[in-house]
Amino acid sequence: MSEPTRERLAGWGRTAPTSAMVLHPSSASDLEEAFSSPEAKRGGVIPRGLGRSYGDPAQVSGGLVLINDALNECSEIHPITGEVTVGSGVSIDTLLASSIPQGFFVPVTPGTRQVTIGGAIAADIHGKNHHVDGSFMAHVTSMDLMTPTGLKQVSPTNDPELFWATAGGMGLTGVILRATLTMLKIPSAYVAVDTTRHRNLDEVMNEMVTGDDRYRYSVAWVDCMTSGERMGRAVLTRGDHAAEDLVGGRPGPDQAIPSAPRLGVPFEAPSGLLNRLSITAFNEAWFRAAPKNKIGGIESISTFFHPLDGVSNWNRLYGSRGFVQYQFAVPDTAGETVRIAIERLSASKVPSFLAVLKRFGKGTPGPLSFPTPGWTLALDLPIGPPALPKVLNELDQLVAEAGGRIYLAKDARLNPIHVETMYPRIGEFRAVLDRVDPGGLMTSDLARRLNLRGNN
Amino acid sequence: MRDAFGQPQTAICFGGTSEIATAILMRLANERLTDVVLVGRDAVGLEATADLLRTAGVTRTAIITADASDPASAGPAVKQAFAATNQPVDLILMAVGMLGDQTLDDDSAERTATMMTVNLTWPAAVLAQVRGRMVTQGMGKILVLSSVAAIRTRKANYTYGAGKMGLDGFALGLADSVRGTGVSVQIARPGFVTSRMTAHLKPIPFSTTPDVAAEKIVAGLSGEATVLWSPGILRVVFAIFRIVPPMLWRKMPA
């Protein structure tokens, strides 16, 4: 392991950067050494993957950040069971490059392939199939976790408290060395997709409640810049892996590996480039470009699952001030909260690109795992409009009152007073940390800001 | 920790009875500020500020007494202030200062020495001690309350102005010295603020109240500008004042 270097780190939203020492451990002994280093003792330790969390969970000011890119082993995929053991630093991108030609897909993927397995576990990520397949941790069968009190092998039956505290635990239980997960057998490298356009929010929400069960994958993109009759107009895309006989003539799986980004944003754009005018125009064009009703379209895996990866460094489009992503989940009984959130943001003149609306199925037992049955809505919002902080504070209140929560992997501004309401089982999480990390070594800017450890 | 909008949770304020500082802290308390350490000479006054902050949502306050006319107290004050909170410090607010009375300061070595100590030597010594700690913790904002008086001294308050001029220059250098460390420095240059400090003086054009000054400064805190003028028009006014011929400048009233 090389000498630590000092680096300034921020999340994908590029807000609130802080400076810390950085190491790239490649083994259990590297991790033990890192935990006992002076930097760790002075300012705490947190692991970091590809930095795709939007806020501050993968940074710890004045402490030690352990980037997992050297924890990159990858076993063969078991041809029958689909089990694979991968280092926590392996990205979904890397994993798919080898798994798709073998006829396997990751059981859960977010909108980008540029996340590591460690990050996927720490955020207990969800994808378009949550309503059917649950979150990432529902498919993980065991993990090797280096905690400040030593290496632990955990699974749903072996120290389940620690296993589930790590699910959505934002890296605070320790550093994952490797994890075993079950991949999904796929018949082809394509997806059969039904796309429908909906005039307003009511219509699309109705369609999702009644029809989502027929699809493995489902997500709606909602326009938050419209009002009145067209408030929340949306494009709903749903599908499943396409049967082999449907994709005839297209390149086989070994040539259908996700492609590298075709476009990039080499420089930071001026803050304010993305304003009400430009975003309204974009949303209009996007809505009109979507087919009104297209059944059984065949799309590549990249197009369907990873639209964000088409343009690298797209976060720079938001300029130096950066942006926040607001994502909440509320129970089915609080579907009205989704409408109110979109209405308030629309009324406050805060520009927002398309919002992502999705139904959640059953959650995992992780006390900090985000997905709970009901609805989830996610919106990207540029920093700048003076009304934004207040609008989001008000939405927090609504979400908390509705029995919902904010996604910690996206958060950069939640008021800590809501944390215990939104995550009522946080006490169980804290009890596990007190056991495996009694010295309080593991922490992050997020943990301090939201008092996740309960010791502020 | 500061959030995405630059709102601090933890602050140490040097000069904790300053009306502008109190107004700034009150506004921050309405957002995310929960931990405040107040440093100053007047324990009773500091308690009053602390009481006020608690009504606005601050949950933990600590009081450190130190005398800014004694440069030797600067180092220990910083040490005690950081020890009083177990959190990383998001905001350092340097609000120590005294306006003095120019007619009395004019011919007094002792008074002039005290003015320079309180307005420049002590604050600069504190900032020097703060700098290393902030760089080590890898983040945080240092807000220095300067004054438009720092732009060009004038006969009505040149002792005060010279002290602020020194501190302002020190803070500009400090800002450059911490670039890239995660720490940043902002310098607030309010104009004439009607407060206890200026109660005996006649307000001049573009004068403002502590709360209005605080509003502008707090808005600036979430941005990256090194210098915050309050009100903003003073940036232009003082660009002109800088080049007014000395003959005219001398005729500037109080």
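Chains as they are written, first to last, in my numbering: chain B, 1 to 456; chain D, 457 to 710.
Think of the CB as a built atom: it goes at the ideal place given N, C-alpha and C, for glycine as much as any other residue.
In whole angstroms, what separates the C-alpha of residue i from that of residue j?
| i | j | result |
| --- | --- | --- |
| ILE480(D) | HIS198(B) | 48 Å |
| ARG587(D) | ILE342(B) | 44 Å |
| ASN129(B) | ASP445(B) | 31 Å |
| VAL604(D) | ILE468(D) | 24 Å |
| PHE626(D) | ARG608(D) | 16 Å |
| LEU677(D) | VAL140(B) | 44 Å |
| VAL60(B) | GLN102(B) | 39 Å |
| LEU268(B) | GLY319(B) | It should be noted that the sequence gives Glu, not Leu, for residue 268(B). C-alpha separation (whole angstroms): 5 Å. |
| LEU71(B) | ARG435(B) | 25 Å |
| MET590(D) | LEU181(B) | 42 Å |
| VAL514(D) | GLY619(D) | 32 Å |
| ARG8(B) | SER663(D) | 40 Å |
| ASP212(B) | SER26(B) | 42 Å |
| GLN114(B) | THR85(B) | 18 Å |
| PRO579(D) | LEU414(B) | 34 Å |
| TRP164(B) | ALA138(B) | 10 Å |
| ASN158(B) | ASP124(B) | 19 Å |
| LEU308(B) | GLY679(D) | 28 Å |
| ALA584(D) | ASN315(B) | 36 Å |
| VAL311(B) | PHE470(D) | 47 Å |
Look at residue i and residue j and say whether their C-beta atoms are less than 7 Å apart.
| i | j | result |
| --- | --- | --- |
| ILE520(D) | GLN543(D) | no |
| GLY55(B) | ALA412(B) | yes |
| ASP380(B) | PHE360(B) | no |
| THR511(D) | LEU494(D) | no |
| LEU66(B) | PRO38(B) | no |
| VAL582(D) | VAL534(D) | yes |
| GLY127(B) | MET146(B) | no |
| LEU441(B) | VAL45(B) | yes |
| ILE298(B) | VAL247(B) | yes |
| PRO464(D) | LEU547(D) | yes |
| GLY119(B) | THR592(D) | no |
| GLY272(B) | THR15(B) | no |
| SER602(D) | GLU475(D) | no |
| ILE100(B) | ALA189(B) | yes |
| THR376(B) | LYS390(B) | no |
| ALA518(D) | ALA485(D) | no |
Just mark residue i as buried or exposed, buried being the case when its beta carbon has 16 or more other beta carbons within 10 Å.
| i | result |
| --- | --- |
| PHE538(D) | buried |
| ALA387(B) | exposed |
| PRO438(B) | exposed |
| ASN575(D) | buried |
| GLU487(D) | buried |
| ASP498(D) | exposed |
| THR573(D) | buried |
| MET231(B) | buried |
| ARG483(D) | buried |
| ALA167(B) | buried |
| SER633(D) | exposed |
| PRO79(B) | exposed |
| ALA97(B) | exposed |
| LEU457(B) | Chain B is shown from 1 up to 456; residue 457(B) falls before or after that span and cannot be answered. |
| VAL209(B) | exposed |
| ASP562(D) | exposed |
| ALA681(D) | exposed |
| HIS656(D) | exposed |
Taking only beta-carbon positions, decide if residue i is within less than 7 Å of chain E.
| i | result |
| --- | --- |
| GLY588(D) | Of the protein chains in the structure, B and D, none is chain E. |
Q: Count the CB pairs spanning the region 681 to 700 of chain D and the region 637 to 647 of chain D that are closer than 8 Å, and state whether there are at least three.
A: yes
*Given a limit of 7 Å on CB to CB distance, which residues of the region 407 to 439 of chain B reach chain D?*
ALA412, ARG413 and ASN415
- Query: Got a sec: which bits of the region 591 to 618 of chain D sit with their beta carbon under 9 Å from any beta carbon on chain B, in order along the chain?
  - Reply: VAL591, THR592, GLN593, GLY594, MET595 and GLY596
*At a Cβ cut of 9 Å, what residues of the region 539 to 560 of chain D count as close to chain B, listed as they run along the chain?*
ASN542, GLN543 and PRO544
Requested in this report: Would you list, in chain order, the members of the region 623 to 652 of chain D that have their beta-carbon closer than 9 Å to a beta-carbon of chain B?
Outcome: GLY636, THR637, GLY638 and VAL639
Give, in chain order, every residue of the region 441 to 456 of chain B whose Cβ lies closer than 7 Å to some Cβ of chain D. ASP445, ARG448, ARG449 and ASN456
Self-check item: Within 8 Å of chain D by C-beta, residues of the region 296 to 317 of chain B in sequence order
Solution: none
ask   = When Cβ atoms are compared, which residues of the region 316 to 332 of chain B fall closer than 9 Å to chain D?
value = SER320, ARG321, GLY322, PHE323 and VAL324
Stretch-stretch touch, CB-based, cutoff 8 Å, three pairs: the region 321 to 329 of chain B with the region 367 to 381 of chain B | yes
Exercise. Counting pairs of beta carbons, one from the region 237 to 247 of chain B and one from the region 289 to 309 of chain B, are three or more of them closer than 8 Å?
Worked result: yes
Exercise. What residues in the region 488 to 517 of chain D bring their beta carbon closer than 7 Å to a beta carbon of chain B?
Worked result: ARG488
| Taking Cβ-Cβ distances below 8 Å as the criterion, which residues of the region 457 to 470 of chain D are in contact with chain B? | MET457, ARG458, ASP459, ALA460, PHE461, GLY462, GLN463 and GLN465
* Asked: Just by C-beta distance, which residues in the region 46 to 57 of chain B are closer than 9 Å to chain D?
  -> TYR54, GLY55 and ASP56
*asked:* Under 8 Å: do the region 283 to 291 of chain B and the region 189 to 205 of chain B share three or more Cβ pairs, one atom per stretch?
replied: yes
query: Using a beta-carbon distance cut-off of less than 7 Å, what residues from the region 5 to 21 of chain B approach chain D?
result: ARG8, GLY13, THR15, ALA16, PRO17, THR18, SER19 and ALA20
Open item on the list: Along the region 388 to 407 of chain B, where does the CB come closer than 8 Å to a CB of chain D? Name the residues.
Closed with: LEU388 and PRO389
### Query
In chain order, what residues of the region 373 to 388 of chain B put their CB closer than 9 Å to some CB of chain D?
ILE383, PRO386 and LEU388
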